[in-house]
Amino acid sequence: MLRICTEQEHLAYVGFAYELALDKAKSGYPTYCDGIKTKEMFFERSQKAFSRDNEEILIFEHENIVEGWIHYYWLPDDYYLSTVSFNICSHTEQALMEFLELVQNRFNGYELVLGYSMDNTQAIDFLSNNGFECIETNNNNTAFLNEYTPIVTDDNVIRITRDNYEYYRTLHQKVEDDMYWNSDRIYADLDNWNIFVKLQNSEPVGSVYYLIADDGWYEIFGIDMKDDTFDTQNFCDLLGTALNTAKESGGKYMTFFCDDEAQKLVSKLGFECVDRYVCYRIQLG
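Numbering-wise (the numbering used here), the sequence shown opens with residue 17 and increments by one.
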């Protein structure tokens, strides 16, 4: 059974929920198994559910035993729904079934997006067998920047500003499709982004772009390549530039999700693979 969590129950169960968050087989994304997020961060983030009108925490009970919670949020303007935390000890399939029934009725027309570690086989099996589409399978990497030694990169990698934004737009608009962070949204929010583009013969051949996720923690949103063609040297120059600048800025961590093709290079540049991530979506209604 799912029911809305009260603030008093939050205090009673937040420790239990955090313990589940440290188990990849019993939790969802965002993960707390990345060597970055802390118990304090988990408590503070879950507490915000009680002051925001687009978030709820649902307690999941099975046979009168609390098995965990689902903390979710929705974006009405974007018809988007996802989780802040999904921490269930057992009977995950039942929890997901009840959650899906709840949001189907309440959020008709929304897109529901759920991410898990590949270790959470119960969740993945349920989603795979209940109409969800797998839209992403990636390696979740963390770079611990205090242990990172900056590398030499190509001088033709330049920082993107509003004055030269078209270099970046040329690359990103070819891959953005229906992604939320399209070229226009990133431009409007450019003060919060770090973007670098590599030029060859004055033409953009690749870009890397990342955000500040938290104090001292950066997250790479993507690396775009010209004609969507992977180039080892360009990739290393771009990723190396991102790591170098994050460290120079006093950063402690950098997160990067990448496919298997890039993983060997990512590991050589100083990232540690902390998990295998899979993401599913379904249109509600």
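From the three backbone atoms N, C-alpha and C, an ideal C-beta is built for every residue, glycine too.
Integer-rounded CB distance, given that residue j should sit under 8 angstroms from residue i
i, j, result
"S101", "H78", "Not really, about 18 angstroms apart at Cβ, beyond 8 angstroms."
"R297", "I151", "5 angstroms"
"G232", "I167", "Between I167 and G232 the Cβ distance is about 20 angstroms, and since that is not below 8 angstroms, they are no contact."
"Y89", "N70", "6 angstroms"
"N155", "C289", "5 angstroms"
"L300", "G125", "7 angstroms"
"T271", "I236", "7 angstroms"
"V30", "S62", "6 angstroms"
"Y181", "Y196", "Not quite, the Cβ-Cβ distance comes to about 18 angstroms (not below 8 angstroms), so this is no contact."
"C21", "L97", "Not really, about 18 angstroms apart at Cβ, beyond 8 angstroms."
"C49", "D253", "About 30 angstroms separates the two Cβ atoms, so there is no contact after all."
"Y269", "L161", "6 angstroms"
"N210", "T261", "6 angstroms"
Neighbour-count burial assignment, residue i, 16 or more Cβ in a 10 Å radius
i, result
"N250", "buried"
"P46", "buried"
"G84", "buried"
"V191", "exposed"
"L27", "exposed"
"L91", "exposed"
"C240", "The sequence given here places Asp at residue 240; Cys does not occur at that position. Burial call: buried."
"G266", "exposed"
"I81", "exposed"
"K305", "Lying outside 17 to 301, the shown extent of the chain, residue 305 is not represented and no answer is given."
"E23", "exposed"
"N208", "exposed"
"T158", "buried"
"K263", "buried"
"E72", "buried"
"T307", "The requested residue 307 does not occur in the structure, where the chain is confined to residues 17 to 301."
"E136", "Position check: residue 136 holds Asn in this sequence, whereas Glu was assumed. By the 10 Å Cβ count, N136 comes out buried."
Residue i - partner residues in DSSP beta bridges
i, result
"Y289", "The amino acid occupying residue 289 in the given sequence is Cys; Tyr does not appear at that position. N157."
"Y226", "N210 and I236"
"G301", "Answer by DSSP bridge pairing: none, since G301 is not bridged."
"R319", "Only positions 17 to 301 of the chain appear in the structure, and residue 319 is not among them; the question remains open."
"F3", "Residue 3 is absent from the model: the chain starts at 17 and stops at 301."
"S106", "The partner list for S106 (beta bridge, DSSP) is empty, contrary to what the question assumes."
"Y296", "L130 and C150"
"S98", "Y89"
"Q216", "E219"
"M241", "G222"
"L18", "F76"
"S43", "N103"
Cβ of residue i within 9 angstroms of any chain B Cβ
i, result
"F123", "The chain labelled as chain B is not found in the depicted structure, where only one protein chain is given."
Checklist line | the region 144–158 in contact with the region 29–41 per 3-pair CB rule at 8 angstroms | finding: The region 144–158 vs the region 29–41: no contact.
Next item on the list: Give a yes or no on contact between the region 127–142 and the region 99–118, applying the rule of three or more CB pairs nearer than 8 angstroms.
Entry: The answer is yes - the region 99–118 touches the region 127–142, with three or more Cβ pairs under 8 angstroms.
Notebook entry, point to check: Counting pairs of Cβ atoms below 8 angstroms between the region 183–200 and the region 221–235, do you hit three or more?
Noted result: Result yes; three or more Cβ-Cβ pairs closer than 8 angstroms.
Next item on the list: For the region 114–198, list the beta strand (DSSP E) runs that are entirely contained and at least 3 residues long, ordered along the chain.
Entry: Within the region 114–198, the complete beta strand (DSSP E) runs of at least 3 residues are 127–133, 149–160 and 173–175.
Check: Taking three-plus beta-carbon pairs below 8 angstroms as touching, is the region 239–248 in contact with the region 284–291?
Finding: Result no; under three Cβ-Cβ pairs closer than 8 angstroms.
Note to self: For the structure I just gave you, are there three or more beta carbon pairs, one from the region 170–179 and one from the region 201–220, closer than 8 angstroms?
What the structure shows: Yes, the region 170–179 is in contact with the region 201–220.
Notebook entry, point to check: Per the contact definition of three or more C-beta pairs closer than 8 angstroms, is the region 106–118 in contact with the region 52–60?
Noted result: Touching, no, given that fewer than three Cβ pairs across the two stretches are closer than 8 angstroms.
Next item on the list: Note down, one range per segment and in chain order, each beta strand (DSSP E) of at least 3 residues found wholly within the region 45–92.
Entry: Here the runs fully enclosed are 71–78 and 81–91.
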